[in-house]
Structure formats: structure tokens, C-alpha cells
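Report on one structure; see the data block that follows.
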DNA sequence: GTGGTCTAGACCACG
DNA sequence: GTGGTCTAGACCACC
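Chains as they are written, first to last, in my numbering: chain L, 13 to 145; chain R, 13 to 145; chain C, 13 to 145; chain Y, 13 to 145.
Given below as C-alpha cells:
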């Protein structure tokens, strides 16, 4: 469970934690009933304030992803993988929709959008290949 | 000059205004030397706080898109169309990049992204066809 | 909008705020679209830390009771009265169920429970009559 | 000596144990001088952390309900039945009071409360009838 | 002015 | 050890 937190990202830190935990579960990196790192550990690992972690974990509890086991920590719920896999696509889809909506309202051609998408995919592919090497 | 403002969009309202004015100029919906609606009018039309319009217009002046004509209001500069046409795709691309970046970080397959894009394009096409009829 | 906060109540302060706002809406003391006191005001009024109020208000937003209007404050949603009226009874019912469940599991007679309830109602009636006089 | 522990109940687990032991003594399910299950056994049976059982038993010793018999475990004291029978209704009443108090503070009608009570009694009756059959 | 986020540090109940 | 709550005070973006 390693997190990549970027404090100057626009996206709030607690939200970054929430998302990455969700993705980790969707990917199977975190298994059902497994414990998420303790608040204090996660705070230390990610170099953020414990309260920020608390908030992220609370959000995950509200979403039914984690549940608190008194005195022993927070565990991944049985429904979490299903939820997270669904959420993962919804989060991307939602942002994608908003971009494409803007494009549509401003008469950007569909093919232009497709080109932009391909260019970005290309761009990302190269970056990920670099980081592997 | 009709604006589509979505207050619960994540994107600040003033920025939504800025972007849509830029798009309007790029599309030719706003011509050089044409006056943009007065702060008061724009605020009323778009159901937005006048201060927010002020801020958007200030931003547009800083970008060299609008210039103030003493006593008569704000007009589109001569350079604006060139500028706006140049950044038209960049504005979309910038947002697209951040979405795809997140997807990439979370091991979403490229083809899955392409599918989502196509689905959204489909979705938008239908909406625009409906609104025309 | 006056709150009665008891910091040594067992019930967390933020939860007390949440409940009382919900009850105020259920009772009609807070109307739809009306603004709830600003975070800072509520903090001053209730003599609690602003962050505690923030948390309570955030919870109310998650429940769909309040919605944030950028830069202008938090307003009661249109669905709030319905939700709150439902919630009001549910909260009481839930606690009642838990008590009665315990009683049942320990072979307390139904009539004994009814007597206890009547005694408490009596007790409360007198207290409220006193406070009015 | 079977315990019904609900870890997500609000009431701390150790307190649930304490209450249920007291009820058991009041009902005669646990007799004077009878030994309560060992910490280890009770922890295993009820799927609870041994430390939690320790704490519950300590509380019961402080209340004079249990006393430690060197080398053999904890036994019900001679005074326990009297004590427990006396507080049997009080334990229920205490919780009942706090519920009704809240209801009162929020202008829930007395008759509405009586209805909820009857509904819950009905509910419990059915459940217990089912479990017998 | 508004809400939103974050840090720092304290205290508590629970296991 | 765990999570949960609270305070205090700071900074930010937005209206």
C-alpha cells in the first residue's frame, strides 16, 4: 500500500487518498477483510497529517468501502471490490463526460476529440514505458 | 452570447465564463471589436454574481482577449481571434490530459478509455440532435 | 436557529448539531432554500470550534439536507423536509428498537416495558410543564 | 451463558457483556456461587477480544456482582441476585429515558412514541415466536 | 463575506 | 496499539 500524494495538485489530499485506496481495491492490491494501514502509519508513509488520513478513511466508511473494527483498525468490506470497480470507471467517465460536453457545446468536431485522445494516450504510453525502464 | 453555467461543476464559475468567451471568439460567434455584454447584463442573463463576471472579464483582459474602451465597455481585441483559435484545442486537451493521466495511473486499459470516449460522444450526439429537433 | 449543545453528553458535538438541524427542518423552523447560519456564526452561537461545525455541515451535505452555494453559504435543499421528517422518526425508532431488543432478550415483560415508557412520558411531561412556567 | 454481542451497536462490547451477565443473574440463569466462564472461554464463545472480557469481569467485580475465587475463577456473589434484580428495570429505564428525552426535546408527540413502542414490541414478539418454532 | 482544506497537538474509549 | 473527537489557528478559492 504505497501512495503517491501530490499536495499541490488541486485535488485535495484526502481525496487523493480516497481514490487511491479505491483503485487499490479495484486492482486487487488490497484484498477483502485486509486491514488498511493504521491512521498513524498511513500519515507517516504519506507524509500528511493524521487528521487528513482520518478524513479520507471516514469518507471510505461512508461509501461502504471500509468498516471499522473496534480497537483493531479498518478493514475492507466484502462489497468493496464490486463497488470500487464500478466507481473506478464512473469517476473517469464523469470527468470525461464533462470535458466532452464542453467540447460539444463549443463546436469542436468529434474527430478532433478522438485525435486529442489518441495523442494523450500516446503521450502517456511513452511516459509509462520510460518509468518502467 | 448565451452561457451554460453549471455551478456544481468543480470548475469555478468565473473560469467557465472565461473559457466560453474564448470559445465564442474562436468560433466567430464574437467578432473583433464587438462588445461583450456589460457586467450587469451578463450577470443577469447567466444568473451569476456580478463580482464573478468582473473577475472573468479581468482575466480576459489580462490575457489580451478583451480591452476596455472608456465609457462604452469591453471589446474583443484584434489579436483575440488568433489567440483563441490557437488555444481552442489546448483548453480541451489540458482537461483531457488530466483525466487520461489519472486513468493511466490506475491501470485502466487504453481500449477501455477509447470505449468510454466513444460512449460519451454517442451520448452527446444524441443530445444535440434532440435539441435541434 | 438556537442550538442546545451539551459537550459532556456522550453524543459527539457535531452529531448534536446534525440532529438539531434535521429536527429544525422537520419542524419547519428552517425552511427550504433558507440559509443555515454561517460556519463562523454557528460556531460563535454554539460556543464550539468552527471545525466542528464544518464537520456537521459536511455530514448534512452528504445526507442531501444542505447544499453549498459557492461563496454564499449553505442552503436547505428542496428534499430536506421530507428526508428530515422521515429521519426524525427513524432515529428514535432505531434507538427504541435497540432498547426493546435488549429487554426482550432478557425476558422483561412487555407490560413492564409499557409501564416504564408511561413513567418516562409522565416524567418528561412534568419537566416540560415546569420549564414553560 | 450465551451472549448476544453486536459490535456495531454503539454500546461498548464490555458493557454489553456486563449488562447481559447482570440480566442472567436477575433471571436466575446464573446462580449464586456458580462460576462464570473463564476469560478465555467467554472470549472464544462470544468471539470477543479476551481483554474486553477481562474489563467486563473487572467491572462486575467492582459492582460486587462477581468475586474472584483464588485459582478457580470468578463466582457469583451472594448479594448479586438481589442487586441484579433491583437494577434490572433500571438498566432498561435508563436507556429508555434518554430516547424519550430526545424525542421530547424535538416535539415528537407522546402518542407517536407510544405507537413506535407498540410497533417494536409487535416486531420483537414475532421474532421471538419465529425463533421458538 | 462564504465554505473548504490542512496542520498540529490534545484527549478519549476501546481491545 | 487502534480509531474518534475536538480545539486552535492558518491558508485558500470563490462570490
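The beta carbon of each residue, even a glycine, is placed where N, CA and C say it ideally should be.
Name the chain L residues that come within less than 8 Å of residue 25 of chain Y, Cβ to Cβ? Neighbours of residue 25 of chain Y across chain L, judged by C-beta separation under 8 Å: 82.
Throw me the rounded Cβ distance for the residue 72 of chain C and residue 80 of chain C pair, which I believe falls under 8 Å. A Cβ-Cβ separation of about 10 Å leaves residue 72 of chain C out of contact with residue 80 of chain C under the 8 Å criterion.
To test your reading of the DSSP string, which unbroken beta strand (DSSP E) runs of 3 or more residues are found completely within the segment 45–101 of chain C? The beta strand (DSSP E) runs lying completely inside the segment 45–101 of chain C and spanning 3 residues or more are 78–81, 85–88, given in chain order.
Can you give the beta carbon distance from residue 115 of chain C to residue 104 of chain Y, rounded, assuming they're within the 8 Å contact cut? That pair is a contact at about 5 Å.
Which of the three DSSP states, helix, strand or coil, is assigned to residue 128 of chain R? DSSP places residue 128 of chain R in the helix class (H, G or I) of the three-state scheme.
Using the Cβ count rule (16 or more neighbours within 10 Å means buried), how would you classify residue 44 of chain R? Residue 44 of chain R comes out exposed.
Distance check for residue 137 of chain Y and residue 131 of chain Y, CA to CA, integer angstroms please. Annotation: residue 131 of chain Y to residue 137 of chain Y spans about 10 Å, alpha carbon to alpha carbon.
Closest Cβ-Cβ distance between residue 62 of chain R and chain C: below 8 Å? False, the Cβ-Cβ gap to chain C never drops below 8 Å.
Whose Cβ in chain C lies nearer than 7 Å to the Cβ of residue 107 of chain Y? Chain C residues near residue 107 of chain Y: 111.
Please state if the CB of residue 66 of chain Y and the CB of residue 51 of chain Y are separated by a distance shorter than 8 Å. Yes.
With distance defined between alpha-carbon atoms, name the residue in C:63, C:27, C:117 nearest to residue 144 of chain Y. For the residues C:63, C:27, C:117, the minimum Cα distance to residue 144 of chain Y belongs to C:117.
Given a threshold of 16 other Cβ atoms within 10 Å of its Cβ, counted over all protein chains shown, does residue 98 of chain C qualify as buried or as exposed? That one is exposed.
Counting only beta-carbon separations shorter than 8 Å, does residue 100 of chain C have a partner in chain Y? Residue 100 of chain C counts as touching chain Y.
Whole-angstrom distance between residue 19 of chain C and residue 102 of chain Y, CA atom to CA atom: Their backbone Cα atoms lie some 25 Å apart in a straight line.
Report yes or no: is there a C-beta of chain L within less than 8 Å of the C-beta of residue 97 of chain R? Chain L contact via Cβ: absent.
When the Cα atoms are used, what is the spatial distance from residue 29 of chain Y to residue 90 of chain L? If I take the Cα positions, the gap works out to 27 Å.
For residue 41 of chain Y, the three-state DSSP class (helix, strand or coil): In the three-state DSSP reduction, residue 41 of chain Y falls in the coil class, being neither helix nor strand.
Same chain, Cβ closer than 6 Å to residue 146 of chain Y, five either side skipped, listed in chain order: No statement about residue 146 of chain Y is possible, as the shown extent of chain Y runs from 13 to 145 and does not include it.
Which class does residue 137 of chain C belong to by DSSP, given the choice of helix, strand or coil? Residue 137 of chain C carries a helical assignment under DSSP once its states are collapsed to helix, strand and coil.
Give a yes or no on whether the C-beta atoms belonging to residue 78 of chain Y and residue 48 of chain Y are separated by under 8 Å. Between residue 78 of chain Y and residue 48 of chain Y, the C-beta spacing is below 8 Å.
Is the distance from the Cβ of residue 127 of chain R to the Cβ of residue 39 of chain L below 8 Å? For the pair residue 127 of chain R and residue 39 of chain L, the CB atoms are not nearer than the 8 Å cut-off.
Residue 59 of chain L: buried (16+ other C-beta within 10 angstroms of its C-beta) or exposed? Counting Cβ neighbours within 10 Å, residue 59 of chain L comes out exposed, since fewer than 16 surround it.
If we count the other Cβ atoms within 10 Å of its Cβ and call it buried at 16 or more, is residue 64 of chain R buried or exposed? So residue 64 of chain R ends up on the buried side.
Is the beta carbon of residue 133 of chain C sitting closer than 8 Å to the one on residue 112 of chain Y? Yes, they are a contact pair.
Counting only beta-carbon separations shorter than 8 Å, does residue 116 of chain R have a partner in chain L? It does: the Cβ of residue 116 of chain R has a partner Cβ on chain L nearer than 8 Å.
Helix, strand or coil: which one does DSSP assign to residue 13 of chain L? In the displayed model, residue 13 of chain L falls within coil according to three-state DSSP, outside both helix and strand.
Using the rule of at least 16 other Cβ atoms within 10 Å of the residue's Cβ for burial, across every protein chain shown, is residue 31 of chain C buried or exposed? Classification for residue 31 of chain C: buried.
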